[in-house]
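>
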Amino acid sequence: MKELKIVQQPTPTDARMLDVAVGPHYRLGSGIAEINQRWVVALFPAMAASVYTFGPAALRIFGLCIFFAVAFDLVAEKLAPSRDLTSNWSSVLLALLLAFMLPLNAPWWLMLMGCFFMVIVGKKIFGGVGSYPAQPAVLSLAILQLSWPARMDNTAALKDMDWQVTMVEPLRLLKSMGVSAESHYEWFDLLLGRQVAGTADGMVLFVLIGGLFLLMLREIQWQLPAGFIIGLLTTATLLHLVHPETFASPMFYLLSGGTLFMGFFLLTDHTTSPVNRLPMFLFGLLAGVLLILIRGYSNHADGIAYAVLLVNLCSPLMDMIRAKVKGAENV
Amino acid sequence: MQGLLKLLKKKPMLPSLSSHDPVIRQVEDPDHVVIPLDYPGLVRYLPTVEAGESVRRGQVIGKSRLGNCTFASISGKVKEITTVWTAQSVHSPAIVIENNGGQPMAPEEIFDGPVRSDDKVAVVARMREAGVNPPWTFSGRDYKDGEIEDLPSVKTVIITGVRQETTILTSQLLLEQHADKVADGLKRINTLLPEARIWLTVPDHLQSLAESKFSGLAELAFLPSKYPARIEREVVTRLLGRRIPSRESYRSHGIAVMDVEYVLATVDAMDGLSPFIQKCLTISGAGLEKAVTVRFPLGSSLKHILASQGLKVSDYTRPVVGGPMMGFAQYSELTPITYNNGIFLIAEDVAPFDAIAPCIFCGRCTRVCPVNIQVHMLNRKIEFGQLESAMELHPEACHECGLCGLVCPAERPIVQLLHFCNHEMTHGERFNWTDGGNP
Chain Z
0 MKELKIVQQP TPTDARMLDV AVGPHYRLGS GIAEINQRWV VALFPAMAAS
50 VYTFGPAALR IFGLCIFFAV AFDLVAEKLA PSRDLTSNWS SVLLALLLAF
100 MLPLNAPWWL MLMGCFFMVI VGKKIFGGVG SYPAQPAVLS LAILQLSWPA
150 RMDNTAALKD MDWQVTMVEP LRLLKSMGVS AESHYEWFDL LLGRQVAGTA
200 DGMVLFVLIG GLFLLMLREI QWQLPAGFII GLLTTATLLH LVHPETFASP
250 MFYLLSGGTL FMGFFLLTDH TTSPVNRLPM FLFGLLAGVL LILIRGYSNH
300 ADGIAYAVLL VNLCSPLMDM IRAKVKGAEN V
Chain H
0 MQGLLKLLKK KPMLPSLSSH DPVIRQVEDP DHVVIPLDYP GLVRYLPTVE
50 AGESVRRGQV IGKSRLGNCT FASISGKVKE ITTVWTAQSV HSPAIVIENN
100 GGQPMAPEEI FDGPVRSDDK VAVVARMREA GVNPPWTFSG RDYKDGEIED
150 LPSVKTVIIT GVRQETTILT SQLLLEQHAD KVADGLKRIN TLLPEARIWL
200 TVPDHLQSLA ESKFSGLAEL AFLPSKYPAR IEREVVTRLL GRRIPSRESY
250 RSHGIAVMDV EYVLATVDAM DGLSPFIQKC LTISGAGLEK AVTVRFPLGS
300 SLKHILASQG LKVSDYTRPV VGGPMMGFAQ YSELTPITYN NGIFLIAEDV
350 APFDAIAPCI FCGRCTRVCP VNIQVHMLNR KIEFGQLESA MELHPEACHE
400 CGLCGLVCPA ERPIVQLLHF CNHEMTHGER FNWTDGGNP
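So the protein sequences, as listed, match chains Z and H.
First residue of the first sequence? That's 0 in numbering that gives the first Met the number 0, and the numbers climb one at a time after it.
First residue of the second sequence? That's 0 in numbering that gives the first Met the number 0, and the numbers climb one at a time after it.
1) Taking Asp83 (chain Z) as the reference, give the member of Z:Ile119, Z:Thr154, Z:Leu63 with the closest Cα.
2) Under the assumption that Ile254 (chain H) contacts Ile336 (chain H) (Cβ atoms under 8 Å), give the Cβ distance between them as a whole number of angstroms.
3) When you compare each of H:Gly57, H:Tyr226, H:Gln385, H:Leu172 to Pro11 (chain H) by their alpha carbons, which one comes out closest?
4) When you compare only the Cα positions, how much space is there between Arg232 (chain H) and Gly271 (chain H)?
5) Any Cβ of chain Z within less than 9 Å of the Cβ of Asn339 (chain H)?
6) Report, in whole angstroms, the separation of the C-beta atoms of Pro132 (chain Z) and Thr234 (chain Z), which I expect to be a contact under 8 Å.
7) In chain order, what residues of the same chain have a beta carbon less than 7 Å from the beta carbon of Met376 (chain H), not counting five sequence neighbours either side?
8) Is any beta-carbon of chain H found at less than 9 Å from that of Val6 (chain Z)?
9) Can you pull the chain H residues whose beta carbon is under 7 Å from the beta carbon of Lys325 (chain Z), in chain order?
10) Drop a sphere of 10 angstroms on the beta-carbon of Lys323 (chain Z), count the other beta-carbons inside from all chains shown, and report buried for 16 or more, exposed for fewer.
11) Please classify Lys4 (chain Z) as buried or exposed, where buried requires at least 16 neighbouring CB atoms within 10 angstroms.
12) DSSP on Ser441 (chain H), reduced to helix/strand/coil?
13) Would Ala20 (chain Z) count as contacting chain H if we go by Cβ distances under 9 Å?
14) Would you kindly report the start and end of the unbroken beta strand (DSSP E) that includes Ser283 (chain H)?
15) Restricting to runs no shorter than 4 residues, where is the alpha helix (DSSP H) found entirely within the segment 90-118 of chain H?
16) Any Cβ of chain H within less than 9 Å of the Cβ of Asn153 (chain Z)?
17) So which of H:Leu416, H:Cys400, H:Phe295, H:Tyr315 has the shortest CA-CA distance to Ala389 (chain H)?
18) Hey, does His31 (chain H) have any beta-carbon neighbour from chain Z nearer than 9 Å?
19) Would Asn67 (chain H) be called buried (16 or more neighbouring beta carbons within 10 Å of its own) or exposed?
20) According to DSSP, simplified to helix, strand and coil, what is His31 (chain H)?
21) Give every residue of the same chain whose Cβ lies closer than 7 Å to the Cβ of Leu308 (chain Z), excluding the five residues on either side of it in the sequence, and list them in chain order.
22) For Pro323 (chain H), return the contacting residues in chain Z, with the cut-off set at a CB-CB distance below 9 Å.
23) To the nearest angstrom, how far is the alpha carbon of Ala346 (chain H) from that of Leu63 (chain Z)?
24) May I have a chain-ordered list of the alpha helix (DSSP H) segments no shorter than 4 residues that lie completely inside the segment 177-253 of chain Z?
25) Could you list which residues in chain H have their beta carbon closer than 7 Å to that of Gln36 (chain Z), in chain order?
26) If you measure from the beta carbon of Gln415 (chain H) to each beta carbon in chain Z, is any gap under 9 Å?
27) At which residue ranges does the segment 229-276 of chain H contain complete beta strand (DSSP E) runs of 3 or more residues, listed in the order of the chain?
28) Under 9 Å between the Cβ atoms of Gly130 (chain H) and Phe295 (chain H)?
29) Mind pulling the chain Z residues with CB within less than 7 Å of Leu405 (chain H)?
30) Find the residues of chain H that neighbour Ile31 (chain Z), judging by a C-beta separation of less than 8 Å, and give them in chain order.
31) Scan the segment 75-149 of chain Z and note each continuous alpha helix (DSSP H) run of 4 residues or more that stays entirely inside, going in chain order.
32) Quick check on DSSP: helix, strand or coil for Leu344 (chain H)?
33) Below 7 Å CB to CB, which residues in the same chain sit around Met250 (chain Z) once its five sequence neighbours on both sides are set aside?
34) Should Thr233 (chain Z) be flagged as near chain H, meaning a C-beta pair shorter than 9 Å?
35) Thinking Lys325 (chain Z) and Ala195 (chain H) are a contact (beta carbons under 8 Å), I'd like their distance in whole angstroms, please.
36) Am I right that Arg162 (chain H) and Gly101 (chain H) are in contact with their C-beta atoms under 8 Å? What's the rounded C-beta distance?
This is the structure:
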């Protein structure tokens with residue numbers, strides 16, 4: 000062959016044209032911030048219901064939690080720069096999730112500690128968003144419940160409300176006085192959030208609306224909440240049939256406390272839940288079973304935090320159940 | 000408020016191709032053409048002309064060792080033999096021809112008459128003489144690592160009447176407008192390869208036309224207009240009932256995949272009418288009301304093809320050769336366009352990817368992957384250099400359809416990472432994968 004002369008390609012006419020790229024030239028996504036904003040929007044109905052019911056006290060919880068979480072996030076970003084930027088809204092979302100589960104009378108230092116455990120211990124130490132092994136808000140809640148059990152008392156927080164309902168947490172009453180506790184509550188009250196629970200996680204109907212919004216946008220997959228509800232109802236029904244004196248009816252478990260909040264917002268956290276469809280279903284199923292077992296056989300009245308943390312640890316194992324790669328060579 | 004509304008909406012899957020112009024417009028001869036000579040893995044031509052020589056349109060200017068030819072697509076003077084970056088970012092030797100408005104060669108000067116379709120040897124020789132994409136269609140031998148190897152005989156021919164990218168309309172327009180000629184070509188392929196099974200993929204909306212014209216000549220496969228259902232490797236897998244590994248060519252498995260355009264070119268070549276020196280291409284994207292299909296001389300620059308339709312490269316942030324999913328963005332408007340099927344223009348400020356976005360393990364990439372790769376795990380492992388453990392997740396099965404990058408909410412460079420991994424595995428220093436061998 001003739002000797003070929005290597006010449007320079009003509010200089011690009013425009014600096015923008017240096018942007019050489021392969022792969023899709025169109026993207027459906029537009030950053031993690033948008034995902035987190037959507038989740039925050041999904042929390043709006045329950046937040047609104049909470050503010051409507053409790054007034055400024057609820058706003059104080061939401062506001063302080065967001066303030067502390069973002070502040071910790073900024074400090075962490077300053078001291079240890081990572082790719083988890085504050086601008087991706089993940090700390091706002093986590094702060095709201097934590098605020099939902101805090102009692103209405105939580106003092107400011109409790110929220111400060113909660114946000115510290117959530118942002119620094121739960122998230123940043125593990126490498127930021129996308130890397131934590133357990134849902135940080137739930138981790139923080141578990142730490143708070145163990146460290147300051149007296150301060151994490153929802154019943155005491157709501158003692159001044161003049162509702163025409165039993166002013167004790169449904170599950171706590173169930174624990175102390177057995178199945179007869181069920182007759183003290185109307186399912187209608189439970190559904191509308193007229194029950195003793197955290198700041199907003201007891202707003203069952205409004206949490207459900209937010210969850211359906213996420214499902215509609217395909218932010219979360221239906222397999223996970225469906226698995227959770229099926230697992231919970233099945234286990235509760237079986238145990239109710241076997242031990243009718245200790246286990247309440249399945250609907251009572253579903254509607255009391257933050258059960259649906261857990262199914263739609265805590266379990267479905269992208270980072271800590273499996274990604275394949277069957278494992279997602281199994282993950283939800285296991286969470287439902289564990290939740291009923293914890294509620295029935297442990298000393299905890301509402302075992303949300305522990306159920307979520309336990310299944311989060313199973314998530315990588317569950318993702319081993321996956322379809323075979325098509326066209327894989329044996330190398 | 001508007002930001003809030005934006006959150007409530009889902010982005011459309013792809014900017015829809017609202018309408019298209021069915022007329023195939025002819026692009027005039029440019030001032031100069033650049034004919035690349037190297038198509039890695041497919042064919043490499045050696046120049047048969049020298050700088051300063053005068054050539055005429057249709058004259059052979061390069062030949063491969065198997066006798067495949069490439070042609071001057073305009074009449075003119077060979078300015079120089081140099082190297083260029085092709086649209087696929089391959090650095091290739093190339094011949095530059097300057098237009099001098101000379102007479103084209105008559106068909107009689109190029110070919111000696113038609114060939115009969117039952118004479119297999121003559122047909123293969125003629126396809127090579129006419130430059131009809133030969134080594135990856137019917138020829139029986141190929142070069143691999145400098146050695147001639149015999150390829151298995153063709154058992155299946157798949158003719159693609161639909162390109163995989165939804166913005167590329169060349170095949171379906173040609174199928175619609177030259178249905179009789181395509182039927183003629185199918186008849187000849189049937190005579191040429193009597194034992195072969197012949198498939199023709201047809202877009203959904205041409206079902207009645209295809210059933211009236213091509214039934215009996217080929218088995219028809221109707222494809223919907225959604226991209227994931229059109230990915231070529233997936234369609235071929237579905238038609239064959241088995242999967243060809245992504246790193247192996249179809250031809251080494253006795254399968255010939257050819258476009259409708261090449262069927263038409265084969266008919267012309269067998270009749271001794273013209274060599275393959277003009278190609279069709281669809282221009283679509285921002286600023287165009289209708290997608291336009293043009294026929295241009297091979298080796299025209301991107302600038303020339305766009306200018307012929309009154310478009311300027313400088314109006315766009317990114318001209319992409321190919322489609323939006325698997326195309327290559329170009330950094331120079333002088334890139335020669337050869338065997339490419341489309342140009343997709345992007346005007347707004349699109350970021351290709353966010354280099355520092357962390358993966359949040361949402362798993363959309365994994366759920367959308369047509370070959371079930373655990374993309375969410377794999378792309379992180381590659382990102383942090385754990386190629387050893389990445390191998391266990393079978394990155395080699397990826398055929399870079401781009402769906403994972405499309406759905407990624409964090410805009411991560413997923414396809415680029417997978418491509419990097421596969422490249423490292425085949426050509427890198429750390430690993431050396433051979434075909435079916437051990438690392």
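Every residue, glycine too, gets a C-beta built ideally from N, C-alpha and C.
Considering the structure as presented:
1) Ranked by Cα distance from Asp83 (chain Z), the first of Z:Ile119, Z:Thr154, Z:Leu63 is Z:Ile119.
2) Here Ile254 (chain H) is actually not in contact with Ile336 (chain H); their C-beta atoms are around 27 Å apart, not less than 8 Å.
3) Check the Cα spacing between Pro11 (chain H) and each of H:Gly57, H:Tyr226, H:Gln385, H:Leu172: the tightest is with H:Tyr226.
4) As the crow flies, the alpha-carbon of Arg232 (chain H) is around 33 Å from that of Gly271 (chain H).
5) It does not: the Cβ of Asn339 (chain H) has no partner Cβ on chain Z nearer than 9 Å.
6) Rounded, the Cβ-Cβ distance is 25 Å, inconsistent with contact.
7) Closer than 7 Å at the Cβ level, and outside the excluded window around Met376 (chain H), lie Leu392.
8) Unreliable placement is indicated for Val6 (chain Z), whose pLDDT of 43 sits below 50; the coordinate value is still reported in the next sentence. With 9 Å as the cut-off, Val6 (chain Z) counts as an interface residue toward chain H.
9) Under the 7 Å cutoff, chain H gives Arg242, Val370, Asn371, Ala396.
10) Note on Lys323 (chain Z): under 16 other CB atoms within 10 angstroms of its CB, so exposed under the neighbour-count rule.
11) Because Lys4 (chain Z) carries a pLDDT of 46, less than 50, the predicted location of this residue cannot be relied on, and the following value inherits that uncertainty. In this structure Lys4 (chain Z) is exposed. Its beta-carbon is surrounded by fewer than 16 other beta-carbon atoms within 10 angstroms.
12) Residue 441 (chain H) lies beyond the residue range present for chain H, which begins at 0 and ends at 438; the question has no answer from this structure.
13) Judged by the 9 Å Cβ criterion, Ala20 (chain Z) is in contact with chain H.
14) Under the DSSP assignment, Ser283 (chain H) falls in the beta strand (DSSP E) whose first and last residues are 277-284.
15) You should have 106-109.
16) Not one chain H Cβ lies under 9 Å of Asn153 (chain Z).
17) It is H:Leu416 whose Cα lies nearest to the Cα of Ala389 (chain H).
18) For His31 (chain H), the closest Cβ of chain Z is not nearer than 9 Å.
19) Classification of Asn67 (chain H): buried, given that the 10 Å Cβ count is 16 or more.
20) Here His31 (chain H) sits in strand by DSSP.
21) So the qualifying residues of the chain are Ala133, Val137, Leu138, Ala141.
22) Those within 9 Å of Pro323 (chain H) in chain Z are Pro23, His24, Tyr25.
23) Rounded to the nearest whole angstrom, the C-alpha separation of Ala346 (chain H) and Leu63 (chain Z) is 43 Å.
24) Complete alpha helix (DSSP H) runs here, min 4: 186-191, 203-215, 222-241.
25) Correct list: Leu6.
26) A Cβ of chain Z is located within less than 9 Å of the beta carbon of Gln415 (chain H).
27) Those beta strand (DSSP E) runs which fall completely within the segment 229-276 of chain H and span 3+ residues are 254-258.
28) Not closer than 9 Å, so no.
29) Under the 7 Å cutoff, chain Z gives Pro23, Tyr25, Arg26, Leu27.
30) Under the 8 Å cutoff, chain H gives Ala356, Pro357, Ile359, Pro408, Ala409.
31) Within the segment 75-149 of chain Z, the complete alpha helix (DSSP H) runs of at least 4 residues are 89-100, 107-114, 135-146.
32) Looking at Leu344 (chain H) - three-state DSSP - the assignment turns out to be strand.
33) Result list for Met250 (chain Z): Trp186, in chain order.
34) So no, Thr233 (chain Z) is outside the interface.
35) Taking 8 Å as the upper bound for CB-CB distance, Lys325 (chain Z) and Ala195 (chain H) are not in contact here, some 25 Å apart.
36) That pair is no contact at about 34 Å.
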